[in-house]
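Be aware that the sequence shown starts at 1, since it is given in the working numbering, and climbs by one per residue. Using N, Cα and C, we set each Cβ at its ideal position, and we do this for glycine too. These numbers come from a predicted model, not from an experiment. Encoded as structure tokens, the structure appears first; notes follow it.
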Amino acid sequence: MESLTIRRPDDWHLHFRDGAVMHGVVPYTARQFARAIVMPNLSPPVTTTALGAAYRDRILAAVPQGVDFTPLMTCYLTDNTDAGDIAHGFASGVFTAAKLYPAGATTNSDSGVTDIRRLDQVLERMAEIGMPLCIHGEVTDHDVDVFDREAVFIERTLAPLVARLPQLKVIFEHITTEDAVQFVDGSGPGIGATITPQHLHLNRNAMLVGGIRPHAYCLPVAKREKHRLALRAAATSGSTKYFLGTDSAPHAREAKESACGCAGIFNAPFALETYLAVFDEERALDRFEAFASENGPRFYGLPLNEARISLERAEVKVPELLDVNGTMIVPFHAGETLGWRLAG
Ligand code: NCD
Ligand code: ZN
Numbered sequence: 001m002e003s004l005t006i007r008r009p010d011d012w013h014l015h016f017r018d019g020a021v022m023h024g025v026v027p028y029t030a031r032q033f034a035r036a037i038v039m040p041n042l043s044p045p046v047t048t049t050a051l052g053a054a055y056r057d058r059i060l061a062a063v064p065q066g067v068d069f070t071p072l073m074t075c076y077l078t079d080n081t082d083a084g085d086i087a088h089g090f091a092s093g094v095f096t097a098a099k100l101y102p103a104g105a106t107t108n109s110d111s112g113v114t115d116i117r118r119l120d121q122v123l124e125r126m127a128e129i130g131m132p133l134c135i136h137g138e139v140t141d142h143d144v145d146v147f148d149r150e151a152v153f154i155e156r157t158l159a160p161l162v163a164r165l166p167q168l169k170v171i172f173e174h175i176t177t178e179d180a181v182q183f184v185d186g187s188g189p190g191i192g193a194t195i196t197p198q199h200l201h202l203n204r205n206a207m208l209v210g211g212i213r214p215h216a217y218c219l220p221v222a223k224r225e226k227h228r229l230a231l232r233a234a235a236t237s238g239s240t241k242y243f244l245g246t247d248s249a250p251h252a253r254e255a256k257e258s259a260c261g262c263a264g265i266f267n268a269p270f271a272l273e274t275y276l277a278v279f280d281e282e283r284a285l286d287r288f289e290a291f292a293s294e295n296g297p298r299f300y301g302l303p304l305n306e307a308r309i310s311l312e313r314a315e316v317k318v319p320e321l322l323d324v325n326g327t328m329i330v331p332f333h334a335g336e337t338l339g340w341r342l343a344g
């Protein structure tokens with residue numbers, strides 16, 4: 001296959017940030033995707049309908065003229081989230097979903113939830129109104145090894161939650177383990193998962209062998225090879241439970257290349273190209289459209305995009321460094337050559 005024409009895809013998980021960097025980042029995503037689920041972990045976070053509506057307007061102001069792109073906003077859940085406010089945000093179309101960050105799990109998650117049982121009322125309300133819950137699925141207990149935090153989250157938090165609220169639509173975000181794949185496969189149709197390109201390409205050796213590579217560090221952290229292979233099998237399996245979510249998370253170069261480097265990989269500039277490399281290697285190009293453009297909207301209960309895009313086989317050199325409206329950021333696959341590009 002030399003080219004591929006598919007429905008315009010959506011990105012079901014990414015970070016746009018705010019201010020000048022956001023203005024630099026949004027065009028990369030809007031060029032490739034019709035919609036994106038925008039994460040609310042700003043500082044301070046997007047915790048109310050009013051903040052969500054204001055952030056949406058700032059993003060829309062950063063979309064280049066003539067480009068059709070819709071940001072889908074999420075509400076950052078805290079111990080004090082007001083169920084009435086997020087239900088109002090959902091009903092009025094400001095929020096598409098709410099995001100659960102266990103407190104301290106990742107970048108800007110300090111205001112996250114300390115104990116999921118504090119959210120019982122909020123989650124019951126979300127289940128009632130059909131508002132999806134996006135979950136960063138890692139425990140933060142200090143006694144749990146960072147490589148085990150996702151598997152332990154399934155056992156301690158996610159499985160009990162799904163048993164308590166079987167009606168709640170849950171997206172297990174950026175899954176990184178075979179355990180997560182088994183959990184999602186074994187759950188009902190209300191449980192889906194996003195998979196990032198970095199977790200399809202990298203295992204933990206890629207991050208730690210031959211020197212520590214801060215640009216391969218994100219959370220949840222890449223795991224052993226057997227987990228990467230399980231994720232590749234899940235993404236290309238044809239199961240409707242898995243969909244595209246880049247988790248593109250820009251950080252300035254110096255914040256990554258530091259004694260205490262930030263978690264996050266900026267993959268937005270070549271997002272489709274990096275996923276296509278995987279589907280090509282797995283001989284599953286015929287399954288890419290479902291993963292990129294169909295499974296996500298169907299899970300969220302949103303219409304499929306009508307526009308089409310074409311991708312073609314061609315060598316694309318990824319720059320070593322990008323000037324993102326004044327912030328220097330090292331993109332995913334920096335310096336490498338990828339084998340597909342977006343046509344037109
Ligand atoms: C994300 C960020 O930088 O906001 N970082 C990351 O490693 N993925 C937060 C997140 O999604 O965990
Ligand atoms: Zn994220």
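- Task: Could you name the residues that DSSP lists as bridge partners for W12?
- Result: The bridge partners DSSP lists for W12 come to none.
- Provide the residue span of the beta strand (DSSP E) that contains D323, from first to last. L322 to V324 is the extent of the beta strand (DSSP E) around D323.
- Item | Rounded C-alpha distance that separates I135 from V113 | Per the coordinates, the alpha-carbon of I135 lies some 11 Å from the alpha-carbon of V113.
- Is it the case that the CB of N108 approaches a heavy atom of ligand 1 more closely than 7 Å? Residue side-chain check: N108 places its Cβ nearer than 7 Å to a non-hydrogen atom of ligand 1.
- Between which two residues does the beta strand (DSSP E) containing F243 stretch? Where F243 is concerned, the enclosing beta strand (DSSP E) stretches over Y242 to L244.
- If we count the other Cβ atoms within 10 Å of its Cβ and call it buried at 16 or more, is G130 buried or exposed? Answer is exposed; the Cβ neighbour count stays below 16.
- Task: Note down the Cα distance separating R149 from V221, rounded to an integer number of angstroms.
- Result: Just so you know, the alpha carbons of R149 and V221 end up roughly 9 Å apart.
- Task: With distances taken Cα to Cα, identify the nearest neighbour of T48 among V26, D120 and A87.
- Result: Considering only V26, D120 and A87, the residue with the shortest C-alpha distance to T48 is A87.
- By how many angstroms is the C-alpha of E254 removed from the C-alpha of P166? Cα-Cα distance, rounded: 44 Å.
- Task: Just the C-alpha distance for I341 and Y275, rounded to the nearest angstrom, thanks.
- Result: It should be pointed out that residue 341 corresponds to Arg in this sequence rather than to Ile. Roughly 11 Å separates the two Cα atoms.
- Item | Sufficient close CB pairs (3 or more, under 8 Å) joining the segment 256-271 to the segment 294-308 | Too few Cβ pairs lie closer than 8 Å, so no.
- Task: Could you please give the first and the last residue of the uninterrupted alpha helix (DSSP H) stretch that includes I59?
- Result: T49 to A61 is the extent of the alpha helix (DSSP H) around I59.
- Query: From the DSSP output, which residues share a beta bridge with M328?
  - Reply: Note: M328 sits in a beta bridge opposite D323.
- Taking 8 Å as the threshold, find out whether the segment 274-294 comes into contact with the segment 321-331 through three or more Cβ pairs. Result no; under three Cβ-Cβ pairs closer than 8 Å.
- Message: Quick check: the Cα distance between R118 and L311, rounded to an integer number of angstroms?
- Response: The straight-line gap from Cα to Cα measures roughly 46 Å.
- Query: In this structure, does DSSP put I129 in helix, strand or coil?
  - Reply: Three-state DSSP puts I129 in a helix.
- Touching or not, the segment 100-113 and the segment 56-71, by the rule of three or more beta carbon pairs under 8 Å? Under the Cβ criterion (8 Å, minimum of three pairs), the segment 100-113 does not count as touching the segment 56-71.
- In terms of residue numbering, what span does the alpha helix (DSSP H) encompassing R31 cover? Unbroken alpha helix (DSSP H) run through R31: G19 to Q32.
- Item | 7 Å Cβ shell around V152 - same chain, five flanking residues per side excluded | Cβ within range, chain order: V139 and V144.
- Message: Let me check you understand the geometry: is the CB of I264 closer than 7 Å to at least one non-hydrogen atom of ligand 1?
- Response: Residue identity differs from the one stated: residue 264 is Gly in this sequence, not Ile. Within the cutoff, so yes.
- Message: At a cut-off of 7 Å, would you count D247 as near ligand 2, judging by its Cβ distance to the nearest heavy atom?
- Response: Yes, Cβ of D247 sits closer than 7 Å to a heavy atom of ligand 2.
- Message: In whole angstroms, give me the CA-to-CA distance for N80 and I116.
- Response: So the two alpha carbons sit approximately 11 Å from each other.
- Beta-carbon gap between A193 and F172 smaller than 8 Å: Yes, they are a contact pair.
- Flag this pair as yes or no: are the beta carbons of R35 and I309 separated by less than 8 Å? Result no, Cβ atoms of R35 and I309 do not sit closer than 8 Å.
- Message: Any heavy atom of ligand 1 closer than 7 Å to the beta-carbon of L219?
- Response: Remark: the C-beta of L219 is in contact range of ligand 1, defined as less than 7 Å to any heavy atom.
- Query: What's the gap between the Cα of G368 and the Cα of A98?
  - Reply: In the structure as shown, the chain starts at 1 and stops at 344, and residue 368 therefore has no counterpart that could be examined.
- Message: Against chain D, with Cβ distances strictly below 8 Å, would P319 count as a contact?
- Response: The structure shown contains no chain D; it holds only a single protein chain.
- Sequence-distant residues of its chain with Cβ nearer than 6 Å to T70 (five each side left out): Spatial neighbours of T70 in its own chain (CB-CB distance under 6 Å, excluding positions within 5 residues in sequence) are listed in chain order as R35.
- Task: Specify the secondary structure class of K365 as computed by DSSP and reduced to three states.
- Result: Coverage of the chain is limited to positions 1 through 344, which leaves residue 365 absent and any answer about it impossible.
- Work out the CA separation of N325 and G186 for me, nearest whole Å. G186 and N325: Cα-Cα distance of roughly 44 Å.
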